[in-house]
Structures are given as C-alpha cells and as structure tokens.
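Residue numbers (my numbering): 3 to 317.
All C-beta atoms, glycine included, are put in the ideal place defined by N, C-alpha and C.
Okay, so here's the structure we're looking at.
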C-alpha cells in the first residue's frame, strides 16, 4: 500500500570570512551562547530598548529582535500582527509612521501575573517601539544580533534592513532569520548576509532522521541552523480510505546523532541554535547535545543556571 506522509505544524530557535559565508564565532565564549529572545519576553517588555539594556546587564551573548516596516519604510521592532497585543495602540505597524509609533507604550500589556501591569504608567523613553538603528546603537559591539524579519511583502523590508545594516557597518555581527521562505530567498542573494537555514528545510531534515534514519542536508551551506528543542507536530498519514494522525514532540528528534547530522562535517560545519530554552532541564539538555546557542525568554534565569553548572569554553 502506498502511503504518503504530510507534516503539519500545529503549535505554537568574532565573525570570520570563509570562501562561502561568514560564520559567527566568539573566541573564548562560553557555549551554549545565551541569546535573549526579543530581549527576554517573559521577564521584560519584548523588543524594547529597556529589555535589551537589562539583558545586556545580565551578560547575555546576543539579542534576538523582530523587525517590521513602518508606513514611512523604516525598520522598527515589533513582533505581533496588531499593536493592541503589546501596546496601548491599535492597528498594524505599516499603518503608522515612526513618529506615530513612538507614542505607543510597548510595555503597556506586559505582566507577570495577569494582575499587575508594571509598565503602564512609566514614562520611560526606552519603552517606545524602537527603530532597528536605535537597537544597533543600544547593543554593545561585542554582542551579536539576530534579526527575525516579520512583515510582508518581503523585498521592501529586506531592502530597508540591509540599508540600515550597511549604514551602521553591522554586517559582521548580524545574523538573519525568518520563518518565511520569501524573506530567506532574498536574504541569501546578499553575499555579506549571514543567514539561517530555511525553517522548512531544517524541519524536513529532522523528520527524515526520525522516520528513515537518513541524514540529509541541504546542498546549500548555511552557517546557522535553528529550531525548537520542543515543538508539537502532527504526522498525517494519507490512506485510500481516509487518514490517520499522530502527534509528535520535536524533542524526540533531537539527539547527538541528529545534532551531528545537522551540524555537518568539519569542513562546512554549521552552528545550531535551539529555541525555547527556558528551564534548567532544557538548558542541561542543550548543553549535553552540543548546541552552539540557545534562544531564551528568561535570560536572568538562564544566566544563573549557566553560572552554577557545566559549560563549554571555545578558544
């Protein structure tokens, strides 16, 4: 009987030149490197200079931030589709100019307990929706930055981001990521851009390993690969008389064999970032697997855990 598997995601990862792409490597760094996801969204208002400064004080190795395009074509930092999800405003980012966006409080809806909203009455300039250029000026040069491109259409956003990166001479410390193949296709055309492997390819490689024990890697070299340590997915088996489905936790896909496969051979080795690392258990697992970096929403917690336990130092 012929069977076809469809994968459906149901839920809610010193720069040196090579002959192909840059590979981000920090001499003497402690691995896995800790990346404050959106600045640490479970501890501080996400994508704000306020959050970035707190994460920097903690000693994180990098900052991940989300970028959309304003009405006047300026890259600004915001993740959701509507302003009312994080701010005291309403509407989409692309409907407002930068000057208008600065009036909104990006910490307005932040809460740790759904009762107290500590940033609603704070008149702090660091709680506005910042531009990408402001983020570059805020984040010290020894930290690297991961830019997650969010808004469509892709080309105007990528072009605007590249312009800001170029004007601020930030190519050597910036990595680019997007869940959209449209963004990635444009990003990879720029030889100076350090780009994560397309998410769909990473997912496919991990599932090939699980289903067929088959190590398949992209024919194109990507310096970085990123995916969740834990992610619920559904395997759907299509049959002649219907279909059957099984939920799979992506956690089962990660082991030392899959990590070795995803990283590749020494000659063209990729670095791996594991997303969603917010507990001590997951930090220890990421360390054991040999992850190069982790995305965390809780940088304060992760920095404490790293300070108390084992670590890998690369020199």
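query, result
"Whose C-beta lies closer than 8 Å to the C-beta of residue 57 among residues of the same chain, with five residues either side of it excluded?", "38, 41, 42, 46, 65 and 301"
"Please report how far the alpha carbon of residue 234 lies from the alpha carbon of residue 78, in whole angstroms.", "31 Å"
"Could you name the residues of the same chain whose beta carbon sits closer than 6 Å to that of residue 217, not counting the 5 residues immediately before and after it, in chain order?", "263"
"I want to check one thing, is the minimum distance from the CB of residue 57 to the heavy atoms of the ligand ZN below 8 Å?", "Inclusion of the ligand ZN in the displayed structure is not the case, the ligand content being empty and no account of it being possible."
"Just confirm the distance between the C-beta atoms of residue 100 and residue 72, as a whole number of angstroms; I'd bet it's less than 8 Å.", "5 Å"
"Just to confirm before moving on: does the CB-CB distance between residue 2 and residue 103 stay below 9 Å?", "What the structure shows of the chain is the stretch from 3 to 317, and residue 2 is not part of that stretch, so it cannot be assessed."
"Would you call the stretch 48-56 and the stretch 283-296 in contact, with 3 or more CB pairs under 8 Å?", "no"
"Pull up the CB-CB distance for residue 208 and residue 197, whole angstroms please, since I reckon it's below 8 Å.", "Going by Cβ atoms, the distance from residue 208 to residue 197 rounds to 19 Å, so no, they are not a contact pair."
"With a threshold of 16 other CB atoms inside 10 Å of the CB of residue 387, please say whether the residue is buried or exposed.", "Only positions 3 to 317 of the chain appear in this structure, which leaves residue 387 out of reach."
"With a threshold of 7 Å on Cβ separation, who are the neighbours of residue 1 within its own chain once the five nearest residues in sequence on each side are excluded?", "Shown here, the chain extends from 3 to 317; a query on residue 1 therefore has no answer."
"CA-CA distance, residue 173 and residue 309?", "30 Å"
"Taking residue 100 as part of the alpha helix (DSSP H), name the residues at either end of that continuous run.", "100-103"
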